[in-house]
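S.K.:
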Amino acid sequence: MVKYGGSAMENPAKVEEILREIAGLAKEGFPMVLVHGGGKEISAELDRRGLKAVFAEGFRVTDEAAILVVEEVLDRKVNPGLVAKLNGLGGNGRGISGRKVFRAKKAPPAKAGGKEIDLGRVGEVEKCETADVKKALEAKETAVVSPVGQGNDGGAMNLNADVAAAALAGALRAEQLVFLSDVPGLMRDPKDAGTLMREIRAGELAKLEKEGVIGGGMIPKCRSAAAALQQGLKKVEFVDGRVAGNLTAVVKGKTAPGTVLKI
Numbered sequence: 008m009v010k011y012g013g014s015a016m017e018n019p020a021k022v023e024e025i026l027r028e029i030a031g032l033a034k035e036g037f038p039m040v041l042v043h044g045g046g047k048e049i050s051a052e053l054d055r056r057g058l059k060a061v062f063a064e065g066f067r068v069t070d071e072a073a074i075l076v077v078e079e080v081l082d083r084k085v086n087p088g089l090v091a092k093l094n095g096l097g098g099n100g101r102g103i104s105g106r107k108v109f110r111a112k113k114a115p116p117a118k119a120g121g122k123e124i125d126l127g128r129v130g131e132v133e134k135c136e137t138a139d140v141k142k143a144l145e146a147k148e149t150a151v152v153s154p155v156g157q158g159n160d161g162g163a164m165n166l167n168a169d170v171a172a173a174a175l176a177g178a179l180r181a182e183q184l185v186f187l188s189d190v191p192g193l194m195r196d197p198k199d200a201g202t203l204m205r206e207i208r209a210g211e212l213a214k215l216e217k218e219g220v221i222g223g224g225m226i227p228k229c230r231s232a233a234a235a236l237q238q239g240l241k242k243v244e245f246v247d248g249r250v251a252g253n254l255t256a257v258v259k260g261k262t263a264p265g266t267v268l269k270i
């Protein structure tokens with residue numbers, strides 16, 4: 008299971024490198040599932056339509072107008088675009104809308120400036136329907152899944168792609184979950200690569216949160232990864248997606264260039 012998104016996806020040449028690695032790994036017999044993000048593209052489309060992007064505690068406040076943009080960009084632009092690129096590089100990808108995979112409930116309000124802010128159509132994963140993903144894997148296809156959820160009211164929900172990937176990895180009991188980002192891994196000092204932590208136990212996360220080592224968007228990412236480990240996932244790796252070959256090395260178990268989170 009690979010989660011790829013954020014600023015790590017902003018360089019087309021780097022995206023091609025990652026997709027080439029995924030295609031190569033799949034050909035070598037490693038079943039691959041890719042959950043992608045698309046925040047930059049969503050913000051650009053909101054801006055083009057004159058809609059302001061608003062964030063609270065790292066979550067995009069998603070009203071009815073914004074969710075239409077989120078779903079359109081993720082399911083009809085980013086997802087098919089990644090699948091087309093992957094297939095053009097010799098891969099065998101199948102695009103799957105997250106609405107077929109993630110059942111989601113409405114997320115609780117976020118706190119900002121001493122006030123609670125309704126996040127609108129931001130969701131939390133309640134359950135993963137894995138049938139379509141398993142069909143793709145059985146057909147030796149790489150499942151490319153968008154972080155859009157099916158809400159309890161039948162409408163689309165905007166999901167945190169990190170949390171969605173961890174939930175799906177746990178449901179599939181994947182061998183490994185790899186978070187590709189634009190940093191070397193988890194560091195005690197985010198400005199100093201020399202403070203990279205090579206291995207963390209899930210039991211240490213609360214202490215690291217309290218110390219402020221893990222903060223912001225890393226909190227839900229690490230918490231959801233720990234929950235996936237409890238479901239049977241063997242390990243989670245935080246890897247620099249800007250460095251060619253890192254993903255291949257990690258999947259093949261040759262090296263640990265980033266941070267490994269274990270039970």
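In the numbering used here, the protein residues as written are 8 to 270.
Each residue gets a CB set at the ideal place from its N, CA and C atoms; glycine is no exception.
Source: prediction; values computed, not measured.
What are the boundary residues of the beta strand (DSSP E) that includes serine 273?
M.R.: Because residue 273 is not part of the residues shown, which for the chain are 8 to 270, the question remains open.
S.K.: Just how far apart, CA to CA, sit arginine 256 and aspartate 196?
M.R.: Checking the displayed sequence, the identity of residue 256 turns out to be alanine instead of arginine. Going from the Cα of alanine 256 to the Cα of aspartate 196 covers about 25 Å.
S.K.: For asparagine 159, is the classification buried or exposed, using 16 other Cβ atoms within 10 angstroms of its Cβ as the cut-off for buried?
M.R.: That one is exposed.
S.K.: Since phenylalanine 109 sits in a beta bridge, which residues does DSSP pair it with?
M.R.: Cys135.
S.K.: What's the C-alpha gap between histidine 43 and serine 153?
M.R.: Rounded to the nearest angstrom, the two C-alpha atoms are 6 Å apart.
S.K.: DSSP state of lysine 47, grouped into three classes?
M.R.: In the structure shown, lysine 47 sits in a helix (DSSP, three-state: H, G or I).
S.K.: Measure how close the beta-carbons of aspartate 247 and serine 188 come, nearest whole angstrom, since I'm counting them as under 8 Å.
M.R.: So it is a contact: roughly 7 Å between Cβ atoms.
S.K.: Rounded C-beta distance between threonine 149 and asparagine 86? I'm assuming under 8 Å.
M.R.: With 8 Å as the limit, threonine 149 and asparagine 86 do not qualify as a contact, their Cβ atoms being about 12 Å apart.
S.K.: Please give the ranges of any beta strand (DSSP E) in the region 197–252, keeping only runs that are unbroken, at least 3 residues long and fully inside the region.
M.R.: If we require 3 residues or more, the beta strand (DSSP E) runs fully inside the region 197–252 come out as 206–208, 242–247.
S.K.: Check for me: the alpha helix (DSSP H) holding lysine 34 runs from which residue to which?
M.R.: Residues 19–34.
S.K.: Taking C-alpha atoms, which residue in Gln238, Ala63, Gly156, Leu179 lies nearest to alanine 111?
M.R.: Minimum Cα distance to alanine 111 is reached at Gly156.
S.K.: Apart from the five residues just before and just after arginine 230, which ones in its own chain have a Cβ nearer than 8 Å to its Cβ?
M.R.: Same-chain partners within the cutoff: Leu212.
S.K.: Would you mind giving the Cβ-Cβ distance between methionine 16 and valine 9, rounded to the nearest angstrom? I have them listed as a contact below 8 Å.
M.R.: No, methionine 16 and valine 9 are not in contact; Cβ-Cβ is about 12 Å, not under 8 Å.
S.K.: Whose C-alpha, out of Ala232, Gln237, Gly239, is nearest the C-alpha of phenylalanine 7?
M.R.: The chain is shown from 8 up to 270; residue 7 falls before or after that span and cannot be answered.
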